[in-house]
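Going by this note's numbering, the residue at position 214 of the sequence shown is 214; the numbering climbs one at a time, nothing skipped.
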Amino acid sequence: MNHPILNGTSTYNDLFNNQWEVYQKICSNNYMEHRQFSESLNKFLTSYFQKGFSMLDLGCGDASFTSYALLNTTISNYTGIDLSSAALDIASINMTRLGLGHLKDCLSLIQGNFLELMPELALNNKNSFDVVLMSFSLHHLSIEEKEIIIHNIWNLLRPNGVFILIDTVCQDNEDRETYIERYLEGVRNNWSELTPDEYLMVANHISTSDFPETQKTIYRLAKKHDFTQIENLWIDSSNTAQSLCLYK
Ligand SMILES: C[S@@+](CC[C@H](N)C(=O)[O-])C[C@H]1O[C@@H](n2cnc3c(N)ncnc32)[C@H](O)[C@@H]1O
């Protein structure tokens with residue numbers, strides 16, 4: 001798939017500067033329910049990992065979401081990858097703030113396209129991570145690219161490791177067009193702090209770049225690539241996004 005975001009770092013940084021403020025506004029108003037996703041992930045991580053664990057965060061953005069999910073967990077090592085260097089500059093601050101200061105020397109932030117970095121990562125870091133997280137960063141990809149990512153993530157995980165996928169999910173028998181219409185209806189009705197221009201930016205982004213899968217499709221791909229068990233950690237109130245835990 002040829003996506004404008006993936007055509008080069010400078011293009012992406014321009015997009016970042018233009019759209020990040022809107023994304024931050026969406027997050028600070030909790031329109032995508034990041035708070036609930038973060039709480040449910042935090043609950044899972046604190047109960048599943050009693051000892052230090054390592055995390056790879058693909059499409060970490062400014063890591064604001066992840067840093068809240070990691071508070072009071074036993075996280076000992078964090079690697080974040082994102083296309084935007086501007087986002088990663090903020091991520092380094094967010095990941096070492098109060099409560100995560102111990103990560104200062106165990107923090108790796110890599111600027112790049114995770115699709116391109118994946119083969120090398122998988123080769124050099126086989127069985128290296130306890131958790132791989134993708135939060136709202138998989139849905140731009142084609143189904144073939146999603147499958148490659150899932151396959152590589154399995155290789156990157158340690159035995160008993162988990163892949164946490166938080167992303168848009170459409171219902172069975174709901175095609176992409178119907179899902180996008182349903183999602184945008186929710187945006188129009190509930191994202192009341194957006195200006196008309198911001199709404200247009202969001203609507204344009206979602207209609208051109210969002211390619212959600214059904215839960216069944218994700219389960220099928222996970223099974224095909226040897227994940228043993230799948231658990232649903234959280235579904236948002238409008239049934240448009242889910243947090244899925246795939247166990248190696
Ligand atoms: C919607 S934001 C999500 C940020 C954060 N994970 C969250 O949940 O708030 C998507 C992020 O994924 C990054 N991203 C999308 N595709 C990417 C790719 N192919 N390689 C690296 N980063 C990517 C974008 O730069 C952006 O920061």
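Ideal placement from N, C-alpha and C gives every residue a C-beta, glycine not left out.
Everything numeric in this text was worked out from a predicted model, so none of it was measured.
Other residues of its chain near residue i: CB distance less than 6 angstroms, five sequence neighbours each side excluded
i           : result
residue 63  : 80, 91, 94, 95
residue 4   : Residue placement at residue 4 is flagged as unreliable, the pLDDT there being 35, under the threshold of 50; a coordinate-derived value is accordingly withheld.
residue 158 : 127, 130
residue 99  : 71
residue 196 : none
residue 10  : In this prediction, residue 10 has a pLDDT of 47, which is less than 50 and means its spatial position is unreliable; nothing more can be read from the coordinates.
residue 214 : 170, 172
residue 34  : 27, 65
Bridge partners - residue i, DSSP secondary structure assignment
i           : result
residue 247 : 162, 229
residue 27  : Per DSSP, none; premise fails for residue 27.
residue 82  : 111
residue 20  : Residue 20 is not bridged to any residue.
residue 235 : 242
residue 192 : Paired residue(s): none; residue 192 is not in a bridge.
residue 213 : 169
residue 90  : In the DSSP output, where bridge partners are listed per residue, residue 90 has none listed.
residue 180 : Note: residue 180 sits in no beta bridge, so no partner.
residue 32  : DSSP output for residue 32 lists no bridge partner at all.
residue 135 : 166
residue 64  : The partner list for residue 64 (beta bridge, DSSP) is empty, contrary to what the question assumes.
residue 54  : 77
residue 129 : 157
Cβ separation of residue i and residue j, assumed to be a contact under 8 angstroms, to the nearest whole Å
i           : j           : result
residue 240 : residue 168 : 6 angstroms
residue 245 : residue 230 : 7 angstroms
residue 243 : residue 166 : 5 angstroms
residue 233 : residue 47  : Residue 233 to residue 47, Cβ: 11 angstroms. No contact.
residue 31  : residue 190 : 7 angstroms
residue 117 : residue 145 : No, residue 117 and residue 145 are not in contact; Cβ-Cβ is about 13 angstroms, not under 8 angstroms.
residue 76  : residue 106 : 6 angstroms
Cβ pair residue i, residue j closer than 7 angstroms
i           : j           : result
residue 133 : residue 82  : no
residue 51  : residue 74  : yes
residue 38  : residue 68  : yes
residue 155 : residue 126 : yes
residue 225 : residue 151 : yes
residue 161 : residue 248 : yes
residue 53  : residue 135 : no
residue 250 : residue 29  : Absent from the model: residue 250. The displayed extent of the chain is 1 to 248, so no value can be given.
residue 180 : residue 207 : yes
residue 170 : residue 119 : no
residue 88  : residue 109 : yes
residue 200 : residue 147 : no
residue 153 : residue 163 : yes
Other residues of its chain near residue i: CB distance less than 7 angstroms, five sequence neighbours each side excluded
i           : result
residue 60  : 66, 80, 81, 82, 91
residue 7   : Residue placement at residue 7 is poorly supported in this model, since its pLDDT is 40, which falls under 50; the coordinates are not used for a value here.
residue 254 : Nothing about residue 254 can be read from this structure; the chain reaches only from 1 to 248.
residue 183 : 206, 240
Cβ shell of residue i (< 8 angstroms), same chain only, five flanking positions each side left out
i           : result
residue 228 : 247, 248
residue 25  : 193, 194, 198
residue 219 : 230
residue 188 : 199
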